[in-house]
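Residues 563 to 757, numbered by the working numbering, are exactly what the sequence shown covers, in order.
Virtual Cβ for every residue (Gly too), placed ideally from N, Cα, C.
Keep in mind that this is a model prediction, so the values were computed, not measured.
Read the structure below first, then the notes.
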Amino acid sequence: MNLSQSSLSFSEEILHIADCVRAGKVILYPTDTIWGIGGSISIPAVSQKIFDIKGRPPSKSFILLVNDVAMLSRYIHPIPPKIENILSVTSRPITVIYPYPINLPSHCLADDGSVAIRICADNFCKELIQELDECIISTSANVSGKPFPRFFGEVSSDVLSSVDCIVKHRQWDKAIGEPSTLIKYGKDDSIEFLR
């Protein structure tokens, strides 16, 4: 475990954590919902390590985080107008399961070829993703079957000791986080609210 240095500025921590991600390390970081564990989409071993930390099978895929609609369009093209409309009128974090992603490695996709992507509103995540210039893997920072951590203080010691790098930003924040709204977009242009 490598705690990010507390003396680093916001910008310096972004660069430090981006270097960790590029090096294939698993990070523990704040998102716009709950604390997550994640890493590079480009290194398959990262996905396997996250599955091992979570204690869940690879058949359960991860969420990918992007920083804006322009980055989303690299992986979902065209973005369905119904989804664009929903994303433009809501302030709540929304994760969308898309049936036809592009430009993503197979280890980031569900068994049916779909992918769940969220445009993240958290400043740290947005800056990190911008620095990396690609989406990142995200999943809740808990062991499968255990409660998700609503704030940093609830992250289990098992997870803390298993990740490679821990972001210092927002560790002090006691605001209660909740999972995002989850929508499934169908090939037939249907929308199903799953959570």
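Given this structure, state the Cα-to-Cα distance separating residue i from residue j, to the nearest angstrom.
i	j	result
I753	L570	43 Å
N704	K616	6 Å
M633	E696	8 Å
T701	I625	6 Å
E716	T743	21 Å
S718	V608	20 Å
I691	F572	14 Å
C582	E575	10 Å
S653	E646	13 Å
T595	T657	11 Å
D759	P592	Examination of residue 759 is not possible in this model, given that the chain is present from 563 through 757 alone.
K587	V725	8 Å
R680	D614	23 Å
Y662	Y747	10 Å
So, helix, strand or coil for residue i, using DSSP?
i	result
S573	helix
F755	strand
I615	helix
G658	The question names Gly, but residue 658 is Val in the sequence shown. V658: strand per DSSP, three-state reduction.
V628	strand
L744	strand
L508	Nothing in the structure corresponds to residue 508, since the chain is present only between 563 and 757.
H639	coil
C697	coil
G707	coil
K749	coil
How close, in whole Å, do the beta carbons of residue i and residue j come, if the pair is a contact with beta carbons under 8 Å?
i	j	result
S706	D673	Going by Cβ atoms, the distance from S706 to D673 rounds to 17 Å, so no, they are not a contact pair.
F713	A678	Rounded, the Cβ-Cβ distance is 23 Å, inconsistent with contact.
A580	L694	5 Å
C727	I599	Actually they do not touch by this definition, with Cβ atoms about 10 Å apart.
D750	K644	With 8 Å as the limit, D750 and K644 do not qualify as a contact, their Cβ atoms being about 11 Å apart.
Within the 9 Å Cβ cut-off, does residue i reach chain B?
i	result
V705	Looking for chain B here will not work: only one protein chain is present.
For residue i, write down the residues that DSSP places opposite it in a beta bridge.
i	result
G598	Y591, S702
A678	I625, I659
> Do the segment 635 to 649 and the segment 724 to 737 meet, that is, are 3 or more Cβ pairs less than 8 Å apart?
Replying inline: no
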